[in-house]
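Student: Have a look at the structure that comes next, please.
Residue numbers (this note's numbering): 4 to 720.
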């Protein structure tokens with residue numbers, strides 16, 4: 004029989020109830036005299052407690068967070084040199100695990116196979132958690148850490164990994180079953196060489212108890228010479244003090260957030276992704292970029308059916324089923340968000356749904372809808388908390404007839420008369436949708452043109468088209484007051500061509516977005532947030548707190564998903580130790596109106612304001628065979644070149660698919676291309692992409708598709 008040795012806490016002076024901050028061994032660990040067992044910490048010092056005997060750890064009686072005093076039992080050992088336990092007695096002895104073991108059996112004696120019951124580990128406060136997937140079947144050979152089953156609640160998902168290697172003899176659960184801590188999942192036949200440690204019951208302070216941890220800390224010890232190696236003794240940078248623990252926490256699951264989370268996971272980091280939406284994708288996928296583009300496609304089809312009569316093809320007036328249209332739009336969203344959920348699962352990213360606020364420099368509090376809270380401890384964090392629509396103080400936003408972009412995408416009926424406050428990208432995209440669905444649209448814009456960020460000649464074709472379609476467009480005008488009554492919404496205007504008052508059935512407020520920097524408890528983590536709510540960062544997306552990064556809308560303009568995606572990769576790679584920087588020369592902007600408006604790099608307005616001398620090449624789409632064949636000749640492509648070097652510095656396009664075309668110009672600017680590089684690149688014919696090459700030829704004076712006698716580059720003064 005083996006000799007069991009108890010190791011107690013030695014004399015530690017006058018200290019009592021000293022907290023354990025780290026446990027360095029687990030059942031199955033092979034240890035030598037003086038190997039460190041646990042580390043204690045008082046307010047004055049830390050101390051390692053060494054082993055006083057050699058052998059194999061049978062049972063660990065303490066965990067991180069416990070308080071101990073002299074004489075307390077720490078571990079029990081099977082002392083080195085003792086006779087091995089006979090196989091039958093060993094199996095009988097292991098059939099009833101002691102508290103904290105969580106599994107029967109520490110490993111088989113040489114040449115003997117034993118039945119090992121695999122049980123649900125500590126999953127915190129959760130009980131009767133449903134199984135949504137079973138990954139193994141009888142006869143399957145599995146390795147340590149391979150997933151056995153996946154659990155899911157309304158708040159998170161978790162894969163339960165194998166703590167032993169071996170062959171599955173019996174699977175005791177199926178999809179749909181509900182399980183709790185200690186329930187048997189499967190029975191495994193462990194091999195002679197499978198010397199692995201059982202799953203331990205971990206307290207919340209160890210990072211595993213929080214249901215949803217993507218990688219339970221209960222790891223099998225590495226194999227070596229037929230024995231279990233001791234656990235690593237290096238301290239983690241941050242104590243695992245939460246219900247969940249992350250090497251990298253990502254707050255916000257929009258395009259920037261999920262990109263950062265996935266990239267960090269790909270680089271080997273344990274990632275927890277927290278978001279207030281029940282599905283991944285943030286505002287963009289759930290109530291922004293994607294659903295709006297789905298509806299804009301529908302609007303385009305409706306508009307084309309109405310306009311084809313001029314080409315000899317007549318259609319009846321489209322019949323619009325709002326409920327089916329809404330369902331189709333939602334289906335597009337669900338397909339994409341479902342795909343993201345699958346990608347998160349494949350990468351073992353723990354997803355937690357709830358509103359997150361920093362509790363400290365290394366802790367995030369997550370509040371769920373039912374009021375419950377959980378703590379996520381983290382070593383590094385990436386803030387991707389986004390932005391929200393701006394609200395105007397003189398508008399009754401609590402009235403359901405006053406909507407923002409989110410409300411507009413819900414398609415809760417089509418108003419007879421709709422007022423859009425704001426002639427920017429979001430406002431005009433939604434105006435495009437609602438006009439196609441039958442609403443009479445009025446737009447009011449404070450500036451002297453729609454889409455103020457673009458050059459006026461680029462938005463002019465759009466302005467001409469929608470001026471014929473919409474009820475009214477009021478420039479250099481503003482709303483001063485809105486009164487809600489039973490008949491509608493009475494709006495008071497000031498300036499421009501707007502009337503003094505008018506009445507509408509609905510109002511869409513689209514005057515911009517504001518960052519969420521003041522809503523995340525940044526002050527608790529010492530993160531600097533400016534007066535507008537933006538978080539300043541450096542080129543590595545690092546905040547003033549070195550281990551906390553920020554990306555996306557919350558770090559500044561432009562508030563665009565594609566910018567956030569690239570920033571997310573930089574933050575994740577920097578957190579993983581790579582020397583990454585955000586050094587994009589340009590970021591393209593697109594308005595998915597009809598026609599579309601897109602620009603990248605400098606506009607003429609910006610070049611003039613900066614005193615940059617430039618030339619330009621302009622190609623009107625009225626000379627494009629492809630444009631004419633589409634029945635749309637109002638487009639224009641304009642390319643700006645540096646006067647001294649002829650390198651491209653900006654491009655603006657208006658016309659169908661302008662958003663797809665602008666990528667070529669963005670690449671050209673990034674690569675430092677000049678006018679000849681673009682003009683001599685052979686573009687396929689007939690395509691809209693030719694217009695970029697022809698604009699470059701127009702600048703060079705070599706174009707033959709336009710008659711430009713004695714053409715010289717158009718220099719600006």
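The C-beta atom is built at its ideal place from N, Cα and C for all residues, glycine as well.
Alpha carbon to alpha carbon, how far is residue 505 from residue 398? Give it in angstroms, no decimals.
Tutor: 15 angstroms
Student: Sort 702, 634 and 628 by Cα distance to residue 645 and report the nearest one.
Tutor: 702
Student: Taking the alpha carbon of residue 34 as the point to measure from, which residue in 347, 74, 81 and 263 has its own alpha carbon closest?
Tutor: 81
Student: Cα separation between residue 1 and residue 529?
Tutor: For residue 1 there is no data in the structure shown, the boundaries of the chain being 4 and 720.
Student: Considering only DSSP beta bridges, list what residue 247 is partnered with.
Tutor: 379
Student: Using the beta-carbon count (16 or more within 10 Å), is residue 130 buried or exposed?
Tutor: exposed
Student: Taking only the alpha-carbon atoms, compute the straight-line gap between residue 556 and residue 620 and give it to the nearest angstrom.
Tutor: 33 angstroms
Student: For residue 202 and residue 567, what's the separation of their Cα atoms in angstroms?
Tutor: Annotation note: pLDDT 31 at residue 202 (below 50); position unreliable, coordinate value reported separately. The straight-line gap from Cα to Cα measures roughly 39 angstroms.
Student: Taking 8 angstroms as the cut-off, decide whether the C-beta atoms of residue 257 and residue 389 are in contact.
Tutor: yes
Student: What does the Cβ neighbour count give for residue 289, buried or exposed, with the cut at 16 atoms within 10 Å?
Tutor: buried
Student: Between the alpha carbons of residue 638 and residue 656, how many angstroms are there, rounded?
Tutor: 7 angstroms
Student: Is residue 260 near residue 251, with beta carbons less than 8 angstroms apart?
Tutor: Going by C-beta atoms, residue 260 is not nearer than 8 angstroms to residue 251.
Student: Could you round the C-beta distance between residue 39 and residue 27 to whole angstroms and report it? I think they count as a contact, below 8 angstroms.
Tutor: 5 angstroms
Student: Counting only runs of 3+ residues fully inside the stretch 351-431, write out the beta strand (DSSP E) ranges in chain order.
Tutor: 353-356, 358-363, 366-370, 376-386, 390-392 and 420-424
Student: To the nearest angstrom, report how far apart residue 149 and residue 270 are at their CA atoms.
Tutor: Approximately 19 angstroms between the Cα atoms of the pair.
Student: If you check the beta carbons only, do residue 521 and residue 532 fall under 8 angstroms apart?
Tutor: Contact flag set, yes.
Student: I'd like the span of the alpha helix (DSSP H) that includes residue 338, first residue to last.
Tutor: 325-349
Student: DSSP puts residue 623 in a beta bridge; with which residues?
Tutor: 639
Student: Helix, strand or coil: how does DSSP classify residue 484 here?
Tutor: In the structure shown, residue 484 sits in a strand (DSSP, three-state: E or B).
Student: Looking at the secondary structure, which residues open and close the beta strand (DSSP E) in which residue 134 lies?
Tutor: Run containing residue 134: 132-137, per the beta strand (DSSP E) assignment.
Student: Would you decide whether residue 337 is buried or exposed? Buried here means 16 or more other CB atoms lie within 10 Å of its CB.
Tutor: exposed
Student: Buried or exposed, going by whether 16 or more other CB atoms sit within 10 Å of the CB of residue 349?
Tutor: exposed
Student: When you compare the CB positions of residue 461 and residue 641, do they come within less than 8 angstroms of one another, or not?
Tutor: Closer than 8 angstroms, so yes.
Student: Please name the residue or residues paired with residue 462 in a DSSP beta bridge.
Tutor: Its beta-bridge partners do not exist; DSSP assigns none.
Student: Confirm, please, whether the CB-CB distance from residue 453 to residue 431 is below 8 angstroms.
Tutor: yes
Student: Report the three-state DSSP secondary structure of residue 259 (helix, strand or coil).
Tutor: For residue 259, the secondary structure class from DSSP, reduced to helix, strand or coil, is helix.
Student: By DSSP, does residue 74 sit in helix, in strand, or in coil?
Tutor: coil
Student: From the DSSP output, which residues share a beta bridge with residue 191?
Tutor: 119 and 171
Student: Sort out for me which residues DSSP pairs residue 585 with in a bridge.
Tutor: Residue 585 pairs with nothing; no bridge assigned.
Student: Quick one: what's got a C-beta closer than 6 angstroms to residue 678's C-beta in the same chain, skipping five residues either side?
Tutor: 644, 649, 699, 702 and 703
Student: Would you tell me roughly how many angstroms separate the C-alpha atoms of residue 387 and residue 367, rounded to the nearest one?
Tutor: 14 angstroms
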